[in-house]
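Below is one structure; the comments refer to it alone.
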Amino acid sequence: MSGRAVLATGATGFIAQHVIDKLLERKYSVIGTTRSDEKSSILLKNFKGKYPDANLSFETVPDIAAHNAFDEVFEKHPEIKYVIHTASPVNRGSGKPFEEAFLKPALDGTLNILHGIKKYAPQVTNVVITSSTAAVRNPAIASPSTVYTNESWNPIKWEDVKTEVDAYAASKTYAERAARKFYEDEKPNFKLATVNPPYVLGPQVFDSSLGKVLNFSNQLLSRVFEIDTATTEPQGNYPALAIHVRDVAEFHILPLENKELESEREFIVGAPIIEQKILNILNDNFPELRGKIAVGDYDSANKLIDELCAKYDISSTVKKASNYKFLSVADAIVDTYSQYLLKYGLP
Ligand code: NAP
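Just so you know, we're using numbering that gives the first Met the number 0 here: the sequence shown kicks off at 0 and counts up by one.
In structure tokens, the structure reads:
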């Protein structure tokens, strides 16, 4: 089993928990990093409840941006063969300056882990870094006619950052660019892949991780509760691309198992989504929400998506992934709300 040991950073995260869930299901041994022993204990209990024989342990890395943050972990665990780096700030509203809140942890965290591998873990064969569609396209600029591919890059410059949305997008862009530059300059022993998903939707692995306020990306689904329930107008707000969280987790593991993907920039999308579509899915599947959320103009959803959502071509990555079939984004939305309604009742 020691030949299949994975270091997974940011283990408390929404996506990381799904990654770890899949890794344990496939009998990898996993070393997760969290910011505190307390967080590690909760995760260990949850995962051991699901996988009693799991080879799972945790290390504490209080701040990925701190100098040499991961060095001790690599020194202590010479068995680590694969690294999946998902840790990066996502949440908004911390009140900190943008550079401290987003850029430093994203950029320095990424470089810290790569330098740690170089210094202490030459045995590592594969590194997978969670980047984002925010590094592919500028989410603040609507350009529904452009077709984005895994060769597209968000041109954002840090000096032009004005909002938290910009700061997050720039942090992901700068971190991914820095990782690729490190790779070119240092020519390390390992292969480097990135995962570039758009809005990640879906339930939490454990009901106990679900908060009354949904995690940042699932909050896209909460916004429809703010729409006037009486409206019959088409709801074209928040045109976005989305993907099921379990697909995102799968694409973190595929580069370890499929040589075609070991160096891929995995820009992946499940489906485009818009508020009218979310309303339709919720109204179709949850009779208890009728009258509590708007109906809007049911038949307008596909036209709105066509007119307002970004276009993309992900065929080359999908082909390398053996013509991967993405899970339904509608199912992700239904599963998210099923878990929420069961735990908290109507919002
Ligand atoms: P999440 O639930 O907020 O997870 C973020 C993880 O990073 C948490 O474990 C968090 O630790 C950790 N973290 C953040 N800053 C840190 C720091 N300075 N030091 C140590 N740990 C730190 O978010 P997520 O949605 O799972 O996102 C995971 C990754 O996917 C991120 O790289 C994000 O940019 C990327 N991504 C997400 C989406 C999406 O829609 N969700 C889309 C594209 C890309 P704590 O739990 O202790 O705060």
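Virtual Cβ for every residue (Gly too), placed ideally from N, Cα, C.
Beta-carbon proximity check, residue i vs residue j, cutoff 9 Å
i, j, result
"Y336", "L220", "yes"
"Y119", "A4", "no"
"Q275", "D305", "no"
"P104", "S87", "yes"
"A169", "I155", "yes"
"T32", "A64", "no"
"F266", "S151", "yes"
"S208", "N67", "no"
"L303", "P233", "yes"
"K319", "E256", "no"
"D277", "V223", "Residue 277 is actually Ile in this sequence, not Asp. A contact, by the Cβ cut-off of 9 Å."
"L200", "A331", "yes"
"V328", "N284", "no"
Bridge-paired residues (DSSP) for residue i
i, result
"P271", "L240"
"A192", "V127"
"H84", "T8 and I128"
"F97", "DSSP output for F97 lists no bridge partner at all."
"S216", "According to DSSP, S216 bridges with nothing at all."
"E58", "T32"
"V146", "K310"
Simplified DSSP assignment, three categories, for residue i
i, result
"L288", "helix"
"E78", "coil"
"M0", "Only weak support is given to the placement of M0: the predicted model assigns it a pLDDT of 42, under 50, and the value that follows is read from those uncertain coordinates. Correct three-state label for M0: coil."
"G108", "helix"
"S151", "coil"
"R264", "strand"
"F46", "helix"
"V223", "helix"
"F181", "helix"
"Y167", "helix"
"K310", "strand"
"Y27", "coil"
"Y198", "strand"
"Y323", "coil"
"T162", "coil"
"F205", "coil"
"R136", "coil"
"K118", "helix"
"T228", "coil"
Supposed contact pair residue j and residue i - C-beta distance, whole angstroms, cut 8 Å
i, j, result
"H84", "V244", "That pair is no contact at about 17 Å."
"V351", "H114", "Residue 351 cannot be examined here, being either before or after the span of the chain that is shown, 0 to 346."
"L6", "V60", "Not a contact, Cβ separation roughly 10 Å."
"A166", "P197", "About 18 Å separates the two Cβ atoms, so there is no contact after all."
"T172", "N149", "With a Cβ gap of about 14 Å, T172 and N149 do not count as contacting."
"A347", "A270", "An answer regarding residue 347 cannot be provided, because it is not within the stretch 0 to 346 covered by the chain."
"F189", "V126", "5 Å"
"V164", "F97", "Contact doesn't hold; Cβ gap of about 11 Å is too wide."
"Y237", "I273", "7 Å"
"S39", "F57", "4 Å"
"D52", "V204", "Actually they do not touch by this definition, with Cβ atoms about 18 Å apart."
Min CB distance residue i to chain E below 9 Å
i, result
"P238", "Among the protein chains of the structure shown there is no chain E, as only one such chain exists."
Residues around the ligand NAP, please: the condition is that the C-beta lies closer than 5 Å to some non-hydrogen atom of it. G9, T11, G12, F13, I14, R34, D62, I63, T85, A86, S87, P88, V89, P104, T129, S131, P196, Y198, V199 and S216
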